[in-house]
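Enquirer: Quick note: the sequence shown uses this note's numbering, first residue 36, plus one each step.
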Amino acid sequence: MSGLPPVVRHLDDLTAHLISPDDTVRLAALAGPEQGSSTSVFLEVWEPGGAQPLNSHADSAEIFLVLRGSARAFSDEHEVDLGPGDVLVLQPGSQHRILNTSATERLHTLTVMANDGGFARLVTDGTPVPLDAEDRAALLGDA
């Protein structure tokens with residue numbers, strides 16, 4: 036037994052962050068090292084046409100469950116299209132990025148960093164920005 040109580044976080048209490056101030060993608064940490072987990076889980080939101088810069092995680096697979104929206108994922112020399120219900124697994128060390136292919140709708144994913152490796156800290160050290168009703172509805176599966 037760990038002796039530690041379970042951690043409960045409430046969606047209304049979460050804050051999203053931009054890793055860099057000019058980013059078009061924001062992340063809200065749902066769970067991670069601050070909650071005692073070596074795996075991090077995020078709600079990730081891309082603005083219409085938004086994309087994160089090419090990036091890589093040497094020691095972690097990154098997993099995305101598309102909740103709403105459409106995307107194109109680039110990983111090394113590979114390219115795949117994604118929509119609601121698709122699960123994308125990016126291998127450790129891959130050079131990757133995801134582009135929201137809609138010019139009018141946000142892209143929402145549940146994103147898992149299998150080995151956090153400092154990623155949650157990178158996110159929460161960024162610029163805080165709010166989640167709005169549309170973002171919360173995407174996570175809850177509301178229309």
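For glycine and all other residues, C-beta sits at the position ideal for the given N, C-alpha and C.
Owing to the predicted nature of the structure, the values given are computational and were not obtained by experimental measurement.
#1: Return yes when the Cβ of L125 is within less than 7 Å of the Cβ of E79, no when it is not.
#2: Are at least three pairs of beta-carbons, each pair with one atom in the stretch 39-49 and one in the stretch 102-115, less than 8 Å apart?
#3: Measuring alpha carbon to alpha carbon, tell me which residue in S37, R61, H131, V101 is nearest T159.
#4: So, is S37 buried or exposed, given that buried needs 16 or more other C-beta atoms within 10 angstroms?
#5: Going by beta carbon distance, what residues of the same chain come within less than 7 Å of P163, once the five residues before and after it are set aside?
#6: Let me know if V115 comes out buried or exposed under the rule of 16 or more other beta-carbons within 10 Å of its beta-carbon.
#7: Cα separation between S91 and A138?
#8: According to the neighbour-count rule (16 or more other Cβ atoms, all chains shown, within 10 Å of its Cβ), is G84 buried or exposed?
#9: Hey, out of N135, L117, S73, whose CA is closest to L65's CA?
Expert: Here's the rundown:
#1: Taking the C-beta atoms as reference points, L125 is found no nearer than 7 Å to E79.
#2: Cβ pair count under 8 Å is below three, so no.
#3: Of the candidates S37, R61, H131, V101, the one whose C-alpha sits nearest the C-alpha of T159 is R61.
#4: An exposed status is given to S37, since fewer than 16 other beta-carbon atoms sit within 10 Å of its beta-carbon.
#5: Once the five neighbours on either side are set aside, the close Cβ partners of P163 are T50, H52.
#6: Result: exposed.
#7: For S91 and A138, the distance between alpha carbons rounds to 26 Å.
#8: Exposed is the call here.
#9: Measuring from the Cα of L65, the nearest candidate turns out to be S73.
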